[in-house]
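Only one structure is covered here, and it is reproduced in the block below.
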Amino acid sequence: MSHSKMAILSPKCKRIIVSNRFALYTGFSVMAGVVCGLCIKTILWSDGKVKIDHQTLRYIALPGVIYMRSFMLIIAPLLVTSLSLSFLPSKIENQFDKLRRFNGHQRTNQYENRATDINHNRFGDSSNETIAHKLIWVTFITFGLLSLLAAIFGACMMLTFGPLVYNENDPKEILSSFNDTGQRYRSDSFLSSKSFESNQISSELIYRRNLLIHRYYQHDTVYNILLNIFPDNVLTPFFLHSYRKTKILWPSDLNELMKEEYEIKTRSEHLFSYKINMLSLCILSIFFGVILHRLGAEKTQTIRTLLYETDNIIHYTMHTLMKLLPIGMFFWMLAESIKVNSMLEMAVKLAYFYSFVIGSFMFWLLIFYPTLYLIITHENPFRLYKSILSAIFIAFGSCSSAITLPETMRCMREKCHLSNRVCQTVLPLGMTLHMNGPAMFFPMTAIFVAYINQCPVEFYSVIVLCLFAVILSMGVPPVIGTGTTMLNHIAVASVLGVDNPHEILAYVLAFEWMMERIRTMCNIIGDCFAAKCIERILDIRDDDLDQDHWVETESEEKL
């Protein structure tokens, strides 16, 4: 009897291990790198320090650095192709696709003609085309608002509890931040002032100086954001970032800063940095995709073919890099575990971070969505959870909204009695557009990385960060694995001025296996709640139609 049970369980366990092999390899490589690094630190520990040559440490980290640079290499083309193609069909149609689409339109027209007679009294003189357009527009607006609210909520949660990660009241942290900020503003004359001595600098003077820098930094941030949305050259966003910086002319005697009548003297500088302008690339790609959609396939067939083929090349390159992920993560974590002063301190910060993230997701799923659902539909929201429980399990196991879509549609149609029209329109759109899980998680990760790197997080930067996270979560297609996730983290962190977040992201991606599944569950649950709310708002009912009109979707093979 035991042998028969083992024979039944073995294929299931093997399938689970094979489908999640990259996540297991990544987790094992991260743990192996940390353990090897700690062993090296123990062996080389002497007089309270790790005696290892800087050149040796640099060569140890070289494979990991090369791997991270390879991912940075495909960020710009991935943004352009993904955001541009998000406004176009998912593939180029051949003759069989056109015939299938024609037959589908014919079948849909037959269903709508028969449904018109049934719903004529309910909808009055409105045609099915008007209802369909209204449904699509309401769906777009609902998904956009929910994703934006999720991004704002995640950012606010991290801004509220983030100081627990970086204690700004610690004198050591203040002095470290002061020195780091001085290095960032090395062009200013503050460090060369005669009064700059450790025994003459007071905490009030440090506060006054940082307050002035942050004030001008806010104005520079708003100006640079608006300036970089519209670049003067189409090619420069790929490698060049232009910005304005206000240079503060510090007095020779720093004590004059404490005088209220002192007038600050500044000078504006136009500077350039060789890095990708993410915001400008996103705006240009969106406009490019809209223009291609408006012109039609006949006039833009060549450029569409080029985009599709380029997108295939980029994703093939990304999947190839994913196979090398364990090797790159091992060497990166090996070097980072040697360089970090206290691994326990970093573990505590990561524990705080993930507790905030999971708590935010639980609040969003168990309080926000049920409350919104109860206000709009006046129904018990936890009955909906019970109805879609199988879809939630599939989403957690497969980590893919596309694979879960057939089961989600079946549960919503059969158990929740969702309108056929809403089910076939809202749920497929939600699989592509309503990425509230990544929209909430990306700002939290970016702010966490900014706190660790002691970068200033301003109000205007957070607004742009939330908008950028929503656009990026909608535009970049989800792929099983951490390839696009790593690229998204790097792109979003650049909004806050963190150009090299690889050191912290290496720790964050170690738990990506679990977080990716939580985000997928959040996406699926959000789609179901939004579909029922949209059905109630528009009062769309076609339950009187025959069950033959329900188009069953074939289930895809589960990973």
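Its first residue numbered 0, the sequence shown is counted upward by one per residue in numbering that gives the first Met the number 0.
For glycine and all other residues, C-beta sits at the position ideal for the given N, C-alpha and C.
Small disclaimer: the values here were computed from a predicted structure and weren't measured.
Ranking R382, L417, S418, L426 by CA distance to the CA of T403 puts L426 first. When DSSP states are grouped into helix, strand and coil, F229 belongs to the coil group. Considering only E511, A445, A296, the residue with the shortest C-alpha distance to M156 is A445. Per the DSSP secondary-structure output, K264 pairs in a beta bridge with L248.
Residue D526 holds the alpha-carbon nearest to the alpha-carbon of L432 among D526, L305, Q453, F355. Across the set F152, H318, A296, Y261, the C-alpha of F152 shows the shortest separation from the C-alpha of F362. By the 16-neighbour rule on beta-carbons within 10 angstroms, P10 is exposed. The segment 434-448 makes contact with the segment 458-469: 3 or more CB pairs, one atom from each, lie closer than 8 Å.
A buried status is given to A60, since no fewer than 16 other beta-carbon atoms sit within 10 Å of its beta-carbon. The beta carbon of I326 sits closer than 8 Å to those of S28, P62, Y66, all from its chain and outside the five residues before and after it, given in chain order. Of the residues assessed, H318 falls on the exposed side of the cut-off, its CB having fewer than 16 other CB atoms within 10 angstroms. Residue pairing of H269 in beta bridges, as defined by DSSP: R243. In this chain, A296 is not harboured by any alpha helix (DSSP H), its DSSP state being neither H nor E. Each of A530, V339, L343, E335 was checked against the Cα of Q423, and the nearest Cα belongs to A530. The shortest CA-to-CA distance from T245 to any of I282, H218, N227, I205 is the one to H218. Contact annotation: S85 and G288 have beta-carbon atoms nearer than 8 Å. Proximity of the segment 131-144 to the segment 533-541 meets the contact definition, three or more beta-carbon pairs being nearer than 8 Å.
Per DSSP, L87 lies in no alpha helix (DSSP H) segment and is marked neither H nor E.
Residue state for E203 is assigned as helix, using DSSP reduced to three classes. Spanning the alpha carbons of I337 and M513 requires a straight line of approximately 26 Å.
If you ignore the 5 residues before and after L324, its C-beta comes within less than 6 Å of the C-beta of T25, all in its own chain and listed in chain order. Cβ neighbours of F528 within its own chain (closer than 6 Å, five residues either side excluded): Y368, Y372. Per DSSP, W363 is not a residue of any alpha helix (DSSP H), being assigned neither H nor E. A distance below 7 Å between beta-carbons, with the five flanking residues on each side excluded, links L82 to the following residues of its chain, in chain order: C281, S284, I285, G288, G474. When only Cα atoms are considered, L87 and L211 end up about 47 Å apart. Here L147 has C465, V469 as same chain residues with Cβ atoms under 7 Å from its own Cβ, once five neighbours each way along the sequence are excluded. With contacts defined by Cβ atoms closer than 8 Å, G436 and F142 do not form a contacting pair. In this structure, the straight-line span from the alpha carbon of K50 to that of F330 is close to 19 Å.
Considering only T80, T41, A150, L226, the residue with the shortest C-alpha distance to L305 is T80.
Sorting F395, I39, G295 by C-alpha distance to the C-alpha of A334 places I39 at the top. Here DSSP, grouped into helix, strand and coil, assigns D538 to coil. Of the other Cβ atoms in all chains shown, fewer than 16 fall within 10 Å of the Cβ of E255; this residue is therefore exposed.
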